[in-house]
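Please read the structure below before turning to the comments.
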Amino acid sequence: MSLTLHTHPYSSNGQKAQLMLDIVGAEYTLLEVPFQVERVDWHTAVNPMGGIPALVDDGFRLAESNTILRYLADREGREDLYPRDAKERATIDWVLDLWALVVRPALFSYEAAQYGIVLGTGAFSKEPAPEADVRALFDRAVPKLNQAMQVLDPVGPWACLGHRTIADIAATPVLHRLVHAPVDLSQVPRLQTWAEACVALPEWQALVPGCGVPRR
Ligand SMILES: N[C@@H](CCC(=O)N[C@@H](CS)C(=O)NCC(=O)O)C(=O)O
Numbered sequence: 010m011s012l013t014l015h016t017h018p019y020s021s022n023g024q025k026a027q028l029m030l031d032i033v034g035a036e037y038t039l040l041e042v043p044f045q046v047e048r049v050d051w052h053t054a055v056n057p058m059g060g061i062p063a064l065v066d067d068g069f070r071l072a073e074s075n076t077i078l079r080y081l082a083d084r085e086g087r088e089d090l091y092p093r094d095a096k097e098r099a100t101i102d103w104v105l106d107l108w109a110l111v112v113r114p115a116l117f118s119y120e121a122a123q124y125g126i127v128l129g130t131g132a133f134s135k136e137p138a139p140e141a142d143v144r145a146l147f148d149r150a151v152p153k154l155n156q157a158m159q160v161l162d163p164v165g166p167w168a169c170l171g172h173r174t175i176a177d178i179a180a181t182p183v184l185h186r187l188v189h190a191p192v193d194l195s196q197v198p199r200l201q202t203w204a205e206a207c208v209a210l211p212e213w214q215a216l217v218p219g220c221g222v223p224r225r
């Protein structure tokens with residue numbers, strides 16, 4: 010059974026799908042989708058919205074990175090990463106939604122400044138903002154970040170359930186960027202503890218050099 014991931018090395022959502030494939034030990038092929046406003050036909054044929062990543066499993070197509078993580082955990086029978094128990098599953102889903110719908114938007118202005126993100130063309134589409142501006146934009150997000158971190162287990166490092174799950178895998182690429190950013194992460198101590206554990210995952214350490222993950 011063949012798995013093909015449509016991704017881009019700079020896409021944090023693509024990176025989390027690739028990290029998941031590596032953690033479950035699946036064999037896969039990568040197809041690089043160019044970051045351009047008019048997405049290539051072979052990609053929109055799989056994901057009409059054009060977002061990166063998308064996954065094709067023997068003709069079965071899927072997009073939305075969190076959906077891909079849930080699917081791969083179920084496909085590979087990895088209940089340690091995404092349990093079947095309703096409360097455990099919902100706890101993970103809460104962190105996934107919190108990350109995508111609250112934390113990422115709170116970080117957007119900061120990330121756009123640091124990585125020169127332009128909607129439609131992705132990271133490095135323009136020069137990054139000066140470091141003082143980047144730091145100030147991060148500082149503005151700190152209260153919201155500390156509020157969001159109260160949803161995580163108080164005893165870390167993992168987000169919930171006391172072990173690594175897809176909630177941690179989903180956050181790892183952006184946590185990596187934060188660890189390497191010119192910002193004071195100690196202002197959000199629970200996020201810092203979480204980030205250090207996720208970034209140290211051996212599968213991430215193996216993946217990150219080929220990902221062109223910005224280290225500025
Ligand atoms: N909600 C989607 C987001 C997909 C998405 O926007 N991906 C980014 C890359 S991380 C993208 O395609 N960016 C280029 C763009 O701005 O169109 C997911 O989680 O997969």
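The working numbering numbers the first residue of the sequence shown as 10 and each following residue consecutively. Note that beta-carbon positions come from the ideal geometry of N, C-alpha and C, so glycine has one too.
For residue j and residue i, believed in contact at Cβ under 8 Å, the rounded distance
i: ALA178; j: ILE77; result: Rather than Ala, the amino acid found at residue 178 in this sequence is Ile. Contact doesn't hold; Cβ gap of about 11 Å is too wide.
i: MET232; j: ARG199; result: Any answer about residue 232 is impossible in this case: the structure gives the chain only from 10 up to 225.
i: PRO137; j: GLN123; result: 6 Å
i: TRP203; j: LEU154; result: Not quite, the Cβ-Cβ distance comes to about 11 Å (not below 8 Å), so this is no contact.
i: ILE175; j: TYR91; result: 5 Å
i: ALA26; j: LEU39; result: Contact flag wrong, Cβ pair sits at about 10 Å.
i: PRO166; j: GLU205; result: 7 Å
i: ARG48; j: VAL42; result: 7 Å
i: ALA115; j: ALA150; result: 5 Å
Closest by C-alpha distance to residue i, when choosing among the options
i: ALA190; options: GLU212, ASN155 and ALA145; result: ALA145
i: PRO163; options: GLU136, VAL197 and PHE133; result: VAL197
i: VAL143; options: TYR119, VAL111, VAL151 and LEU12; result: TYR119
i: VAL65; options: LEU105, THR16, SER195 and ASP148; result: THR16
i: TYR80; options: PRO18, MET29, THR53 and ASP94; result: MET29
i: PHE117; options: PRO57, ALA99, THR53 and ASP148; result: ASP148
i: SER20; options: ASP67, ASP102, ALA180 and GLU88; result: ALA180
Residue i burial status per 10 Å Cβ neighbour count (16 or more: buried)
i: GLN45; result: exposed
i: ARG225; result: Caution is warranted here: a pLDDT of 39 is assigned to ARG225, below 50, making its placement in the model unreliable, and the coordinate value is therefore given only provisionally. Counting Cβ neighbours within 10 Å, ARG225 comes out exposed, since fewer than 16 surround it.
i: LYS135; result: exposed
i: HIS185; result: buried
i: HIS172; result: exposed
i: ALA141; result: exposed
i: LEU170; result: buried
i: SER74; result: buried
i: PRO152; result: exposed
i: PRO62; result: buried
i: GLN201; result: buried
i: TRP108; result: buried
i: CYS207; result: buried
i: SER11; result: exposed
i: PRO182; result: buried
i: GLY68; result: exposed
Distance cut-off 7 Å: residue i Cβ against heavy atoms of ligand 1
i: PRO62; result: yes
i: PHE117; result: no
i: PHE69; result: no
i: LEU105; result: no
i: GLU73; result: yes
i: GLY125; result: no
i: LEU110; result: no
i: LEU128; result: yes
i: PHE147; result: no
i: SER20; result: yes
i: PHE133; result: no
i: GLY171; result: no
i: GLY59; result: yes
>> Which runs of the alpha helix (DSSP H) at least 4 residues long sit entirely within the region 65 to 126? Give them in chain order.
In response: 74 to 84, 95 to 107 and 113 to 124
>> Quick check on the DSSP output: what are the complete alpha helix (DSSP H) runs of length 4 or more inside the region 25 to 58, in order along the chain?
In response: 50 to 53
>> As an exercise, report each continuous alpha helix (DSSP H) stretch of at least 4 residues that is fully enclosed by the region 134 to 198, in chain order.
In response: 140 to 157 and 175 to 188
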